[in-house]
């Protein structure tokens, strides 16, 4: 099996193996805790003499035993999750040396030298982490919720279907539910592969909020690490726009605390006033509570307009650009891009923006067309039009406002 290991700048494939214990040996005596396991039967109380399945702390105790066995090998070439042992190596030679540590297990439960492997509900390969196809056979909405971090705007897309699962809700399969169902099916079968994170490099967090939900994207060097989205609660729907945008930031910090706490990173939002949240003199109690949480992180908040947002398709409520897939046949376009020293990669996405004159430019052009503007300019020169003035570019102003025809 293959795992991922971080080097100085890239992620490389490592040859690994996966072992699953057939019958985990719960044979450790409970000693003083034996009376706590007692349960009533027909002829009296029965007590467990060793740790049993079904007890609350059984998985934690078994993990403690497994970690004790692999104490000197953990995070060097072995990762353990209960009865699954995940081994990895940098190359084939090291892999053979690691196998010489003589771990005895049932051969039918082992897998060696695989290019990719299913581990804890995900597919691990050289490309990163992807959806396990076998999970598609499970219940649909539960499956989609389990893989929500792979789907952009999950909460917004699934909202009509989630409404059917609420208490006392009548099950009416509307056209919106059918559309959401088909959209999620399509996204599940074409989910993107998320990149592996590197804690030594800075993160970028993009946040957006609307009346239907919150959306956040965690990125690193232009690659998506994780998606996060959630629907608004009943009381959150009444929040002002400023509070909603701040709530999106708080949601991202709580979701990716293990990535962000202790690291320096940037947060990008399309709500400009959030830039000054740390210097605002007056805050309500809710904002103060959130600010206490935000101050635990080493972050900078930047204003990023929706039109300039590189992840606008993941955050915005509508698309700002028309996207086309760059195919190998468009060689002329790639050649022109190469001349301006813009890097071009395979399977890239290009976008174009229609640049139109601003309102000010349109007014200036219109002023030059109409003769009535010329009479006003003559009146200004003769000091008969006190309310009007024109600047060095010849633009006509009326009481500090552009004069429109």
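In full-length UniProt numbering, the protein residues as written are 1 to 405.
No residue lacks a Cβ here, since even glycine has one placed at the ideal position from N, Cα and C.
* Exposed or buried, what is residue 292 when buried is set at 16 or more other beta-carbons lying within 10 Å of its beta-carbon? -> By the neighbour-count rule (16 or more Cβ atoms within 10 Å), residue 292 is not buried but exposed.
* **CB contact flag (residue 214, residue 244, <9 angstroms)** => When the beta-carbon positions are compared, residue 214 and residue 244 come within less than 9 angstroms of each other.
* Asked: Which residues mark the beginning and the end of the beta strand (DSSP E) in which residue 299 is found?
  -> Note, residue 299: beta strand (DSSP E), 298-303.
* Asked: Got a sec, what are the start and stop residues for the alpha helix (DSSP H) residue 235 sits in?
  -> If you look at residue 235, you'll find it isn't in any alpha helix (DSSP H); DSSP assigns it neither H nor E.
* **Spatial distance of residue 55 from residue 78 (CA atoms)** => About 27 angstroms.
* Nearest-angstrom Cα distance between residue 237 and residue 298? -> The alpha-carbon atoms of residue 237 and residue 298 are separated by roughly 29 angstroms.
* With a cut-off of 8 angstroms, do at least 3 Cβ pairs link the region 262-281 to the region 244-253? -> Between the region 262-281 and the region 244-253 there are three or more C-beta pairs closer than 8 angstroms, enough to call the two in contact.
* Asked: Can you tell which of 157, 398, 366 and 206 has the C-alpha that lies nearest to the C-alpha of residue 178?
  -> The residue with the shortest Cα to Cα distance from residue 178 is 157.
* What residues in its chain sit with their C-beta under 6 angstroms from that of residue 397, if we drop five residues either side in the sequence? -> So the qualifying residues of the chain are 389.
* **Assumed close pair residue 38, residue 47 - CB separation to whole angstroms, cut-off 8 angstroms** => Cβ atoms of residue 38 and residue 47 come within 8 angstroms of each other, at about 5 angstroms.
* Answer yes or no: do residue 199 and residue 216 have a C-beta to C-beta separation smaller than 9 angstroms? => Contact: no.
* Asked: Do you know how far the Cα of residue 52 is from the Cα of residue 98?
  -> Rounded to the nearest whole angstrom, the CA to CA distance from residue 98 to residue 52 is 32 angstroms.
* **Residue nearest to residue 230 in terms of C-alpha spacing, selected from 221, 185 and 152** => Looking at the Cα atoms, 152 is the closest of the given residues.
* Are residue 227 and residue 107 closer than 9 angstroms when you measure CB to CB? -> Against a cut-off of 9 angstroms, the Cβ pair of residue 107 and residue 227 comes out as no contact.
* Asked: For residue 60 versus residue 85, is the C-beta distance shorter than 9 angstroms?
  -> The answer is no: Cβ separation not under 9 angstroms.
* **Whole beta strand (DSSP E) elements within the UniProt domain "Reverse transcriptase" (32-123), 3-residue minimum** => List check, beta strand (DSSP E) in window: 39-41, 44-46, 78-81, 84-89, 110-112 and 117-119.
* **Pairwise C-alpha distance: residue 129 and residue 114** => In a straight line, the C-alpha of residue 114 is about 15 angstroms away from that of residue 129.
* Asked: Relative to the alpha-carbon of residue 304, which residue among 271, 171, 111 and 87 has its alpha-carbon at the smallest distance?
  -> Considering only 271, 171, 111 and 87, the residue with the shortest C-alpha distance to residue 304 is 271.
* Asked: By DSSP, does residue 250 sit in helix, in strand, or in coil?
  -> Three-state result, residue 250: helix.
* Cβ shell of residue 364 (< 7 angstroms), same chain only, five flanking positions each side left out -> For residue 364, the CB contacts under 7 angstroms within the same chain, skipping 5 residues up- and downstream, are 395 in chain order.
* Taking the beta strand (DSSP E) that residue 162 falls in, what are its first and last residues? -> Unbroken run through residue 162 is the alpha helix (DSSP H), 159-164; no beta strand (DSSP E).
* Going by other Cβ atoms of all chains shown within 10 Å of its Cβ, with 16 needed for buried, is residue 220 buried or exposed? -> That one is buried.
* Asked: Smallest Cα separation from residue 218: which of 256, 89, 68 and 362?
  -> Ranking 256, 89, 68 and 362 by CA distance to the CA of residue 218 puts 256 first.
* **Reduced DSSP secondary structure (H/G/I, E/B, other) of residue 217** => In the structure shown, residue 217 sits in a strand (DSSP, three-state: E or B).
* **8 angstroms contact criterion, which residue 80 and residue 70 should meet: CB distance rounded** => In this structure, residue 80 and residue 70 form a Cβ contact; the two beta carbons are roughly 6 angstroms apart against a cut-off of 8 angstroms.
* Cut-off 7 angstroms between Cβ atoms - residues of its own chain near residue 169, not counting five sequence neighbours on either side -> Cβ contact annotation for residue 169 (same chain, cutoff 7 angstroms, sequence separation greater than five): 163, in chain order.
* Asked: If you draw a straight line from the C-alpha of residue 89 to the C-alpha of residue 95, how long is it?
  -> CA-CA distance, residue 89 to residue 95, rounds to 5 angstroms.
* Asked: Taking residue 260 as the reference, which of 132, 203, 33 and 67 has the closest Cα?
  -> Checking every option, the nearest Cα to that of residue 260 belongs to 203.
* Asked: Of the residues 262, 300 and 72, which one's Cα is nearest the Cα of residue 278?
  -> The shortest Cα separation from residue 278 among 262, 300 and 72 belongs to 300.
* To do: Starting from residue 267, follow the beta strand (DSSP E) in both directions and report where the run begins and ends.
  => Looking at the DSSP string, the run of the beta strand (DSSP E) that includes residue 267 is 264-269.
* With respect to the beta strand (DSSP E) encompassing residue 260, which residues constitute its N-terminal and C-terminal limits? -> No beta strand (DSSP E) holds residue 260; the alpha helix (DSSP H) holding it covers 257-260.
* Asked: Can you tell me whether DSSP reads residue 387 as helix, strand or coil?
  -> In the three-state reduction of the DSSP assignment, residue 387 falls in the coil class.
* **Rounded C-alpha distance that separates residue 240 from residue 295** => Taken atom to atom, the span from the alpha-carbon of residue 240 to that of residue 295 is near 22 angstroms.
* To do: Using DSSP bridges, identify the partner residues of residue 207.
  => In the DSSP output, where bridge partners are listed per residue, residue 207 has 216 and 269.
* Within 10 angstroms of the Cβ of residue 87, are there 16 or more other Cβ atoms? Answer buried if so, exposed if not. => With 16 or more Cβ atoms within 10 Å of its Cβ, residue 87 is classed as buried.
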